[in-house]
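Numbering (the working numbering), first residue to last: 2 to 185. Contents: one structure, followed by commentary.
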């Protein structure tokens with residue numbers, strides 16, 4: 002999806018609180034990060050602590066965060082809502098962790114992998130669809146969130162965000178059989 006699109010709304014169950022949560026509930030005054038993650042993916046596990054640090058570092062600066070898991074739990078039971086809740090509580094996520102059982106929210110955001118990041122400005126227009134940083138499991142690059150942190154700093158400062166962006170890389174979203182999106 003091209004940059005500049007409006008954040009699709011959603012209403013999904015928060016696996017920790019049990020309450021339905023929408024984009025307006027997580028929207029930040031200066032911007033919002035929508036992350037598609039899951040419990041089992043080695044790429045997500047590799048960066049999880051940095052995602053938590055970024056969420057903590059930027060929430061006080063007007064950036065809203067939400068993590069969404071859209072994987073098919075019949076084939077990947079480690080991504081079940083019960084296990085999502087356990088992980089979110091164990092790691093003390095500073096952002097809601099939502100379950101997208103129908104996978105419609107992942108499709109609306111054209112999410113393809115975990116982790117997958119979309120950053121929206123204060124007007125809920127997408128300004129970034131890219132990677133967290135250059136680190137991957139086993140490549141010895143530091144997990145520092147450099148790319149995402151730079152985007153969020155620029156967003157807060159009112160500076161323009163470069164349109165040249167490295168796409169995120171990770172495990173494919175585990176689509177339900179017959180539910181694969183057209184873009185996939």
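Ideal placement from N, C-alpha and C gives every residue a C-beta, glycine not left out. It should be emphasised that the depicted structure is a prediction, and the values quoted were computed from it without experimental measurement.
Asked	Found
Are there three or more Cβ pairs, one per stretch, closer than 8 angstroms when the segment 160-170 is compared with the segment 93-105?	no
When the distance is taken between beta carbons, is residue 24 closer than 8 angstroms to residue 138?	no
Below 8 angstroms, how does it come out for the segment 33-51 and the segment 164-174: are there three or more Cβ pairs, yes or no?	yes
Taking the continuous alpha helix (DSSP H) assigned at residue 56, which residues delimit it?	43-60
Report the CB separation of residue 100 from residue 27 in whole angstroms; it is logged as a contact under 8 angstroms.	With 8 angstroms as the limit, residue 100 and residue 27 do not qualify as a contact, their Cβ atoms being about 14 angstroms apart.
Going by beta carbon distance, what residues of the same chain come within less than 8 angstroms of residue 76, once the five residues before and after it are set aside?	175
Kindly identify the DSSP beta-bridge partner or partners of residue 68.	36 and 98
Is the CB-CB distance between residue 69 and residue 120 below 8 angstroms?	no
Residues bridged to residue 173 by DSSP?	114
Going by CA-CA distance only, name the one from 155, 22 and 132 that's closest to residue 116.	132
Using the beta-carbon count (16 or more within 10 Å), is residue 12 buried or exposed?	exposed
Grab me the residues of residue 182's own chain with a C-beta within less than 7 angstroms of its C-beta, minus the 5 sequence neighbours each way, in chain order.	108
Can you tell which of 164, 126, 180 and 144 has its C-alpha closest to the C-alpha of residue 10?	126
Based on the DSSP output, what are the partners of residue 23 in its beta bridges?	12
When the distance is taken between beta carbons, is residue 41 closer than 8 angstroms to residue 80?	yes
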